[in-house]
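The block underneath contains the structure these notes are about, expressed in C-alpha cells.
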Amino acid sequence: MQDTLTHRQLKSLIHVSNVINSKLDINTIFESIMSETISVVEAAGGGSIWIFDKNQNRLIAKSAQGLFYPHIFRQIKLVSGESMTGMAFAAKKCLIFWDEGEVKQALTTLTPYNRDLLDQAIPSNFHFTSVISSPILQKGKCIGVITLDSFEQSLQFKQEDIHLLEAIGHQAAVALERSKLFFEKEKMVHTLSHSIEIHRNLANLVVNGEGIQSILNYIHNTIGQHLFLFDEIGELRASACHSSFSVEMTEYMKAYAKQIILTLENSHTVSEITLIDDTYQLVVLPLGSKQKSLGGLIILSHQKVSNVDIAALEHACTVISLELVKEQAVFDTQQRLRGEFVTKLFSGQIDELLIQKAKNLNFDPNWNYVAIIINFKDKSNEQKVFGDPVIRNLLHMTNRTLLGRNLQVTAVRDKNQIVALLSLHSKVSSSNIVAEIKELSKKLQQEINHKYSEIDTSIGIGRMKQGLTLIHESFVEATKCIKFLKNYSFEDRVISYTDLGVQRFILQNSKEELIDFIQEVLGPLIQYEQSRKGELLSTLVVYLDQNQNIRKTADCLHIHTNTLSYRLKRIEEILVTNLNDSHSLFNIHLAINIYQFIKDKDSLQKNKS
Numbered sequence: 154m155q156d157t158l159t160h161r162q163l164k165s166l167i168h169v170s171n172v173i174n175s176k177l178d179i180n181t182i183f184e185s186i187m188s189e190t191i192s193v194v195e196a197a198g199g200g201s202i203w204i205f206d207k208n209q210n211r212l213i214a215k216s217a218q219g220l221f222y223p224h225i226f227r228q229i230k231l232v233s234g235e236s237m238t239g240m241a242f243a244a245k246k247c248l249i250f251w252d253e254g255e256v257k258q259a260l261t262t263l264t265p266y267n268r269d270l271l272d273q274a275i276p277s278n279f280h281f282t283s284v285i286s287s288p289i290l291q292k293g294k295c296i297g298v299i300t301l302d303s304f305e306q307s308l309q310f311k312q313e314d315i316h317l318l319e320a321i322g323h324q325a326a327v328a329l330e331r332s333k334l335f336f337e338k339e340k341m342v343h344t345l346s347h348s349i350e351i352h353r354n355l356a357n358l359v360v361n362g363e364g365i366q367s368i369l370n371y372i373h374n375t376i377g378q379h380l381f382l383f384d385e386i387g388e389l390r391a392s393a394c395h396s397s398f399s400v401e402m403t404e405y406m407k408a409y410a411k412q413i414i415l416t417l418e419n420s421h422t423v424s425e426i427t428l429i430d431d432t433y434q435l436v437v438l439p440l441g442s443k444q445k446s447l448g449g450l451i452i453l454s455h456q457k458v459s460n461v462d463i464a465a466l467e468h469a470c471t472v473i474s475l476e477l478v479k480e481q482a483v484f485d486t487q488q489r490l491r492g493e494f495v496t497k498l499f500s501g502q503i504d505e506l507l508i509q510k511a512k513n514l515n516f517d518p519n520w521n522y523v524a525i526i527i528n529f530k531d532k533s534n535e536q537k538v539f540g541d542p543v544i545r546n547l548l549h550m551t552n553r554t555l556l557g558r559n560l561q562v563t564a565v566r567d568k569n570q571i572v573a574l575l576s577l578h579s580k581v582s583s584s585n586i587v588a589e590i591k592e593l594s595k596k597l598q599q600e601i602n603h604k605y606s607e608i609d610t611s612i613g614i615g616r617m618k619q620g621l622t623l624i625h626e627s628f629v630e631a632t633k634c635i636k637f638l639k640n641y642s643f644e645d646r647v648i649s650y651t652d653l654g655v656q657r658f659i660l661q662n663s664k665e666e667l668i669d670f671i672q673e674v675l676g677p678l679i680q681y682e683q684s685r686k687g688e689l690l691s692t693l694v695v696y697l698d699q700n701q702n703i704r705k706t707a708d709c710l711h712i713h714t715n716t717l718s719y720r721l722k723r724i725e726e727i728l729v730t731n732l733n734d735s736h737s738l739f740n741i742h743l744a745i746n747i748y749q750f751i752k753d754k755d756s757l758q759k760n761k762s
C-alpha cells in the first residue's frame, strides 16, 4: 500500500485516521473524510459518502462536497445498481468511469426523480468527466460507498487514487463500527439513567406521601400515554389519561381488564387492540408477585412503546406495588382499630376510655349519629364468604357514596356485611337527614348491583341518635331492619327503622306465632281463595287500602259498586265477621299487613293441615 500511495496521500490517510480516532460523531467524521479526500486527490472536484439504510432499502448521501448544492443532492436515494455509486455497491469493488461517455451511460440507470434532483444539484456549466466509486466493506458486507467526481477534462484519476479511496473506505468502515458501538453504549447509559431518574422521582413521591394517583400522573406526564391501574379482581383503582379519552373508552377498558387481570403472568405482555376504530398498542405489566397478585398496570398507546419506557415502567411497577402494599397495610390497621371501636360502641358498653378513644378518632361525643348495616348475599350461594378484595372495594364504595352533605362516614367489615357509622353535626335536624341518608343508601345499592350483579344487597338504617352513648340503639334498629328484609317479603331493599310501622311488632314475634294469628283471623278466606282461585282476598286488601271507601275501591278494581258490595258481603260470611265492627276490622287489617310480608305463604296451608 505504501508503494502505491504518494507521500502526500499517505499524510492525508494518516490525517483521516487521526480524525476518526479523535471524534465519535459520525456526521463530523464523514465531513472530515470527504473534505480531506477531495483535497488530496488532484482530479476530484467533488465527492460524496453514501450509507445503506436497511429500513428504506436505499443508499443515503451522508456527505456531499464540491460543486454540488448539498441540500438538494442529499435528497437523492439510490437503490443497488443505480448510477455509479449503486453499481459499486452492487459489485462490492472499486469502479472507475474513465470518461464522460461511461459516466453518461451509468447515469441512465437513475430514476427520473433522482435524475431531476442531480440536475438541480450540479450547475449546468459543469459535466462529469470521470468518476471513481469505492465500496465501504465491513466483514465482507457492503455498507456504503465513497464516490469522487471529476469535472475537468485535463484531470484524470490515477491508480494510486483508487488505492487511497480503498484505504479510506476501510477507515470509514472502522469509523462506522466505532460510532455504532459508542452510540449503543450511550443509548444504554441513557436508558439506565432514564430509569434511575424515574425510579428516584417515583421514590420521592412515595416518601412525600403523594399516593398512587400522583405516581400515575407522573408516569403519564413522563411517557405521554394513557395509564390504568387495576386491582387483583379487575377493579379500576386509578387512571391518568389525555382529555380526549372518553368515558365510553374507559368503560371498555374496565370490561377488558376484568378478562385479563386474573390471567396475568410474571412478565409484561405487548399486544394490539382496536378501540373505537383506533388501533393501540397495549402493554400490560403485573403488580405484586406470583404468590400474591396486586393487579396490573395497563398502558394504552397510539405509538409503539419503546424498550426504554417499558424498562422504566417495570421500575415504576415495583414502586407502585410497594405503595399498594403500604396502603393495604394502613387500610387493614385502620379497619382493625375502627372495627374494635365500632363493635364496642354498638354493644352499648360506653365508658370514659371509649369516649377518649372516640375523640382520638375524631368522633365528637355530642354529635348526632346514625348506624347503617349493608348486608351482602351471593344470589347463587347464600353461604359464600366474599374475599378481602371484594369487601375492600365495597368499603371504598360505601365511604365514597355515603359522604353526603354534613356527613362523616366510618365503615368497617363485619363478616359478609358492612357496618357504617354516620356522624352529623349536633345542629343538623333529623327531619330531612333521614330522607337524605336513605337516598344515598339507595344510590349505593344501585352502584353495588351495577358493579356486582351476582350480589344481593340489603341496607338497614337506624334512627338518628344524639351523642355516642345512644348510638347502640340506632345499631339495634338497623339490625332489625336487616332481619325484617331477610325474613319477610318487602319490595324495597333499603329501609329505615322509621319506615317500619306495624312491621316493628312483627319482629317481636316468631314466624310460627304470626302464621297462627293470620290463620285465626284470615284462615277461612285464605283457604276459600286457594280452593276456588277467587278474588275476595285481593278485594279485601284494596278495600282496606282505600280506607273502606266503596267508590274508590270499585274504581281501583274496575268493577261495579254492586259487585263490590256482593264480594264484601261474601267475605263477611266466610269470616263470620262484620267489617263495620272496629275491633274485628283492626284484627283483619293487622293480619292482612302481616300476611303481605310472609314469604312462605304455603306454610299457612300446611299449618292448617
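When we follow the numbering used here, the leftmost residue of the sequence shown carries the number 154, and every step to the right adds one.
For each residue, glycine too, the CB sits at the ideal point set by N, CA and C.
Owing to the predicted nature of the structure, the values given are computational and were not obtained by experimental measurement.
Check, Outcome
"Can you check whether the CB of residue 613 is closer than 8 Å to the CB of residue 648?", "yes"
"If you check the beta carbons only, do residue 531 and residue 600 fall under 8 Å apart?", "no"
"Span of the alpha helix (DSSP H) holding residue 196?", "Taken as a continuous stretch (DSSP letters only), residue 196 belongs to no alpha helix (DSSP H), as it is neither H nor E."
"Only counting the same chain, and skipping five residues up and downstream in sequence, which positions put a Cβ closer than 8 Å to that of residue 190?", "165, 169, 197, 200, 299, 301, 317, 318 and 321"
"Let me know the secondary structure DSSP gives residue 625 once reduced to three states.", "helix"
"Leaving out five residues before and five after residue 719 in sequence, what residues of the same chain have Cβ atoms less than 7 Å from its Cβ?", "none"
"Could you give the uninterrupted runs of the alpha helix (DSSP H) lying entirely in the segment 700-736, keeping only those of 4 residues or more?", "703-710 and 714-728"
"For residue 550 versus residue 593, is the C-beta distance shorter than 8 Å?", "no"
"If you draw a straight line from the C-alpha of residue 337 to the C-alpha of residue 415, how long is it?", "38 Å"
"For residue 185, which of helix, strand or coil comes out of DSSP?", "helix"
"Since residue 763 is in the alpha helix (DSSP H), which residue starts that stretch and which ends it?", "It is not possible to answer for residue 763, since the shown part of the chain is limited to 154 through 762."
"The alpha helix (DSSP H) with residue 606 in it runs from where to where?", "Premise fails: residue 606 is in no alpha helix (DSSP H) and is neither H nor E."
"Find out if the Cβ-Cβ distance for the pair residue 213, residue 225 is shorter than 8 Å.", "no"
"Assuming residue 281 and residue 253 are in contact, meaning their beta carbons sit under 8 Å apart, how far apart are those beta carbons, in whole angstroms?", "6 Å"
"Indicate whether residue 452 and residue 475 have their beta-carbon atoms separated by less than 8 Å.", "no"
"Give the DSSP-derived three-state secondary structure of residue 746 in the structure shown.", "helix"
"So, helix, strand or coil for residue 634, using DSSP?", "helix"
"Exposed or buried, what is residue 220 when buried is set at 16 or more other beta-carbons lying within 10 Å of its beta-carbon?", "exposed"
"Taking the alpha-carbon of residue 308 as reference, which of 508, 324, 284 and 266 has the nearest alpha-carbon?", "284"
"Helix, strand or coil for residue 519, going by three-state DSSP, please let me know.", "coil"
"So, with DSSP's three-state summary, where would you put residue 677?", "helix"
"Taking 7 Å as the line, does the beta carbon of residue 480 fall inside it for any heavy atom of the ligand FAD?", "Among the components of this structure there are no ligands whatsoever, and the ligand FAD is therefore not found."
"Quick one: what's got a C-beta closer than 7 Å to residue 742's C-beta in the same chain, skipping five residues either side?", "697"
"Nearest to residue 242 by CA position, among 304, 286 and 449, is which residue?", "286"
"Identify which residue in 528, 359, 677 and 681 has its Cα closest to the Cα of residue 633.", "528"
"Suppose you measure from the CA of residue 184 to the CA of residue 233; what does that come to, to the nearest Å?", "23 Å"
"Is there a Cβ of chain D sitting closer than 8 Å to that of residue 226, yes or no?", "Here there is only one protein chain, and chain D is not present."
"What number of angstroms, rounded off, separates the C-alpha of residue 266 from the C-alpha of residue 294?", "28 Å"
"If residue 628 sits next to residue 653, beta carbons under 8 Å apart, how far is it from one beta carbon to the other, in whole angstroms?", "That belief does not hold up - the Cβ atoms of residue 628 and residue 653 are roughly 15 Å apart, past 8 Å."
"Between 626, 677 and 473, which has its C-alpha nearest residue 384's C-alpha?", "473"
"Would the segment 426-444 count as touching the segment 393-405 if we require 3 or more Cβ pairs under 8 Å?", "yes"
"Does DSSP put residue 386 in a helix, in a strand, or in coil?", "coil"
"Candidates 274, 412, 207 and 495: which alpha carbon is nearest residue 387's?", "412"
"Could you check the C-alpha separation between residue 512 and residue 391 for me, to the nearest Å?", "32 Å"
"So, helix, strand or coil for residue 563, using DSSP?", "strand"
"For residue 481 versus residue 454, is the C-beta distance shorter than 8 Å?", "no"
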